[in-house]
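Data block below; observations after.
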Amino acid sequence: MKNIFLLFFFVGVSVASSYSQVILKPGFDAKEYLQMLDVFQLQNDTAAVPKMPASVRDMQHLYQSPELGLLNRFDIWLRPDKVGIICIRGTIPKPNSWIENFYSAMIPAIGSLQLNDTTTFNYKLAADSGAKVHVGWTLGLGHMMPSMVKQINNLYEKGVKEIIIFGHSQGAALAFLTRSYLQYADGVAKNIFYKTYASAAPKPGDLNYAYDFDFITRGGWGMRVVNNLDWVPETPFSIQTLKDWNQANPFINLENLTGEQKWIVKWYLNSVVNKMDRSTRKAMERYQKYLGKKIGGMVKKSLKEYSYPQYANSMNYMTTGTPVILMANGAYKAKYVFNGKNIFVHHLLGPYRFLVNTHYPAQ
Numbered sequence: 027m028k029n030i031f032l033l034f035f036f037v038g039v040s041v042a043s044s045y046s047q048v049i050l051k052p053g054f055d056a057k058e059y060l061q062m063l064d065v066f067q068l069q070n071d072t073a074a075v076p077k078m079p080a081s082v083r084d085m086q087h088l089y090q091s092p093e094l095g096l097l098n099r100f101d102i103w104l105r106p107d108k109v110g111i112i113c114i115r116g117t118i119p120k121p122n123s124w125i126e127n128f129y130s131a132m133i134p135a136i137g138s139l140q141l142n143d144t145t146t147f148n149y150k151l152a153a154d155s156g157a158k159v160h161v162g163w164t165l166g167l168g169h170m171m172p173s174m175v176k177q178i179n180n181l182y183e184k185g186v187k188e189i190i191i192f193g194h195s196q197g198a199a200l201a202f203l204t205r206s207y208l209q210y211a212d213g214v215a216k217n218i219f220y221k222t223y224a225s226a227a228p229k230p231g232d233l234n235y236a237y238d239f240d241f242i243t244r245g246g247w248g249m250r251v252v253n254n255l256d257w258v259p260e261t262p263f264s265i266q267t268l269k270d271w272n273q274a275n276p277f278i279n280l281e282n283l284t285g286e287q288k289w290i291v292k293w294y295l296n297s298v299v300n301k302m303d304r305s306t307r308k309a310m311e312r313y314q315k316y317l318g319k320k321i322g323g324m325v326k327k328s329l330k331e332y333s334y335p336q337y338a339n340s341m342n343y344m345t346t347g348t349p350v351i352l353m354a355n356g357a358y359k360a361k362y363v364f365n366g367k368n369i370f371v372h373h374l375l376g377p378y379r380f381l382v383n384t385h386y387p388a389q
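In this note's numbering, each number is its position in the sequence shown, counted from 1, plus 26.
Shown next as structure tokens:
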């Protein structure tokens, strides 16, 4: 009886100890998000920043990766409370960085990419083998992940058990995929709490991928922060065909759907559905041709040993992550005015800061 009591005592102490280490809280924390924007803004050349923002001053900048693949880069920071930060750079004003965004054919969320003659990136980004993701950002992930996993394991060895994954714009798309990869990957410490902020995020994959991401981050651990006037979260182009539906759907057998309708009604319904499906399939094939094969040729010029994957027959992109919507009000619209040319007026860090401070002033 005494031994059983001691066993329960030590288990209880162990559980209490593990829970006492939890610093990060689920859900949107405006102060934390603004701190991540400050970290993100320092990325290009931390040493050249004349004055560190107050929110970052007490942090340690542990690592900055070289530019990898199509000019991707990430930084590792450590907060005084032992929370690690993975901050992933967004698009920069160079052609290769933009090519990664436009290289938007879909590939399966479980598979491999031949990065060069000697390196294959094997990845699993969802439990569902039918899920699909953006090929360009998966390519970027593949170039970053070996060094990122090494840095995460280094943090873990230092006693870091909680990590924020952050990115803005292209960096946000990569933040989604990073969190998914770490969920399923071997070779990386498993008992780590991850919290993901995807700021101004485009759509990283299809509905099945979105379901998977939202499931693994359920309870407030994976957020998509969006200015409602920002056009970037509306990208990439999305097309839904009948093949993108779950298998159990009313269109799989139109004969059963129309039942005992007159033959003319059946003929008409079949004709309309087939025409609509044919037009969406043709549009999907056209996008795949230009955003997969054509842009893939441009990728090949920069990454000469890269081998094209087999693209999936889908362009059914969907938004991902628990939404945190920053609605533009009158004061915002007066300050940030679209003049017909400044297409990124609602996408930059300043507008996002303004709206967070507007809607979450108490924090």
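All C-beta atoms, glycine included, are put in the ideal place defined by N, C-alpha and C.
Looking at the structure shown, is residue i part of a helix, part of a strand, or coil, going by DSSP?
| i | result |
| --- | --- |
| W163 | helix |
| D240 | helix |
| K269 | helix |
| G213 | coil |
| E260 | helix |
| F54 | coil |
| L87 | Correcting the residue identity first, residue 87 is His in this sequence and not Leu. Reduced to three states, the DSSP call for H87 is strand. |
| S206 | helix |
| D154 | coil |
| Y182 | helix |
| L139 | strand |
| M171 | helix |
| A224 | strand |
| H373 | coil |
| Q197 | In the sequence on display, residue 197 carries Gly and not Gln. The answer is helix: DSSP assigns G197 an H, G or I state. |
| M132 | strand |
| Y378 | helix |
| M249 | strand |
| L60 | helix |
Could you round the C-beta distance between residue i and residue j to whole angstroms and report it? I think they count as a contact, below 8 Å.
| i | j | result |
| --- | --- | --- |
| Y223 | Y89 | Not really, about 19 Å apart at Cβ, beyond 8 Å. |
| V65 | V82 | 6 Å |
| R250 | T346 | 6 Å |
| D84 | P106 | 5 Å |
| Y182 | G322 | Actually they do not touch by this definition, with Cβ atoms about 36 Å apart. |
| G116 | G231 | Between G231 and G116 the Cβ distance is about 18 Å, and since that is not below 8 Å, they are no contact. |
| N142 | Y332 | 7 Å |
| K221 | W247 | 5 Å |
| Y235 | K158 | 6 Å |
| N127 | S328 | That pair is no contact at about 14 Å. |
| I191 | R205 | 5 Å |
| M341 | M310 | 5 Å |
Is it buried or exposed, residue i, if we count other Cβ atoms within 10 angstroms and call 16 or more buried?
| i | result |
| --- | --- |
| F370 | exposed |
| V186 | buried |
| V48 | exposed |
| F263 | exposed |
| K326 | exposed |
| Y316 | exposed |
| F241 | exposed |
| D212 | exposed |
| T144 | exposed |
| V161 | buried |
| T243 | buried |
| T146 | exposed |
| K269 | exposed |
| K120 | exposed |
| R304 | exposed |
| M302 | exposed |
| V363 | exposed |
Could you tell me which residues DSSP pairs with residue i in its beta bridges?
| i | result |
| --- | --- |
| L255 | The partner list for L255 (beta bridge, DSSP) is empty, contrary to what the question assumes. |
| N17 | As displayed, the chain neither begins before 27 nor continues past 389, which places residue 17 out of reach and without an answer. |
| F192 | C113 and Y223 |
| D232 | Y343 |
| L68 | DSSP lists no partner for L68. |
Closer than 8 Å, CB to CB, is residue i near chain C or not?
| i | result |
| --- | --- |
| N180 | The question asks about chain C, but that chain is absent: this structure has only one protein chain. |
Please go through the segment 297–371 and give each complete beta strand (DSSP E) segment of 3 or more residues, from N-terminal end onward.
348–352
Whole beta strand (DSSP E) elements within the segment 96–123, 3-residue minimum: 100–104 and 109–114
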